[in-house]
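Count along the sequence shown from 1, then add 18; that gives the number in the working numbering.
Each remark here refers to the structure printed beneath this line.
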Amino acid sequence: MLKNLLKTTAFAACIALAAPNASAQDLLARQAPVDKKMRAVDSIAIQKLLQTEELEDPAAELYPNWNDDQINLYGGVALPSEYKIDLRGFCMPTTNRIVTSNYGYRPRFRRQHKGIDINANKGDTIRAAFDGKVRVVDYQPSGYGNVVVIRHPNGLETVYGHLSKHLTKRDKVVKAGDPIGLAGDTGFSFGTHLHFETRLLGEYIDPAKLFDFANQDVTGDFYVFKGRGRGTLLGKHDGKGEADANEEVRYNSSESAAAKAQAKRDAQQSARTRIHKVKRGETLSSIARRHGTTVAKLRRINGLRKSSKIRPGQILKYS
Ligand SMILES: [Zn+2]
């Protein structure tokens, strides 16, 4: 009974998309004087037009560029002190309810897990979480495997990793619920699952703050991202307090002091800008030396092949 009810809720959520979304309404409100006459003529047509334009360049007020080959290049871009993320009109990316690994520090790999892992069977359909535009479709053998990144009008970018197959293309406009891939085990993965990330301008937000996979629902109508790593839920969960978003570090009581210290260093590290703008005459090895890393790591995290050349002005991540 409960199961059926929950299923209905998730289904209804995906269907609810047919309604005009809030950003389009906000746009209309701001443009009220201009649109007054036109709205009398055909408000639905205008809303559709605005929605279409918004999807051609989602969250343009937030993102400085549309780069379609790097997953995150926003390290140097200032974050808004507060940003209200509209979660209405969502669709759960998978109908699977079992979270196999939470967001946060993983002692096993001595690093942050920057997304959430949801159990899946190979070939399960993975769906776009919101309306948006597909920014990255890539294969990263040592990391995400087959990966899709979508930018959404609500400001989020969602990342779907380890897919067995892509079902979408770069620059494609998608609606929430559109199939974008099939679940798999590609890349740095142990067993079939969906690795799902939610980011705002490249800043990680714990997906569990936004999506409740067990109940196939969002955690509220809105999520307010506050500065670095702070967020508050509104709507359904209004007033239920502050939540650490992207800098949350989970500890098990059995973890060693060394692991905790490492987690703290990781958190501090992620709080710094970790990009390097290539200057004339620099090489990967000189950049690696400068930032205390290796050429191999620079290549790996920037998706550079052995044959790739770097050029002045190019932005590289170095950790
Ligand atoms: Zn994962």
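We treat Cβ as the ideally placed atom computed from N, Cα and C, and that holds for glycine.
| Query | Result |
| --- | --- |
| Close Cβ partners of Val296 (< 8 Å) along its chain, the five nearest in sequence each way excluded | Ile305, Ile328, Arg329, Pro330, Gly331, Gln332, Ile333 and Leu334 |
| Distance between beta carbons of Ala194 and Phe338, contact taken as under 8 Å | Nothing about residue 338 can be reported from this structure: the residues present for the chain run from 19 to 337 only. |
| Sequence ranges, beta strand (DSSP E) only - wholly within the region 211-239, length at least 3 | 211-218 and 221-223 |
| Three-way DSSP call (helix, strand, coil) for Ile103 in this model | strand |
| Cβ-heavy atom distance, Gly321 to ligand 1, below 7 Å | no |
| Per-residue burial, Asp16 [other beta carbons within 10 Å of its own, 16 or more giving buried] | The first residue shown for the chain is 19 and the last is 337, placing residue 16 beyond what the model contains. |
| Nonlocal neighbours in the same chain, by C-beta distance under 6 Å from Val177, ignoring five residues either side | Val167 and Glu215 |
| Bridge partner(s) assigned by DSSP for Pro197 | Arg145 |
| Backbone CA spacing between His213 and Phe206 [nearest angstrom] | 11 Å |
| Distance between beta carbons of Leu185 and Arg217, contact taken as under 8 Å | Between Leu185 and Arg217 the Cβ distance is about 21 Å, and since that is not below 8 Å, they are no contact. |
| Ile103 versus Tyr241: straight-line alpha-carbon distance, rounded | 5 Å |
| Assigned exposure category for Ser271 - 16 Cβ within 10 Å defines buried | At Ser271 the pLDDT is 32, less than 50, meaning the model places this residue with poor confidence and gives no usable figure here. |
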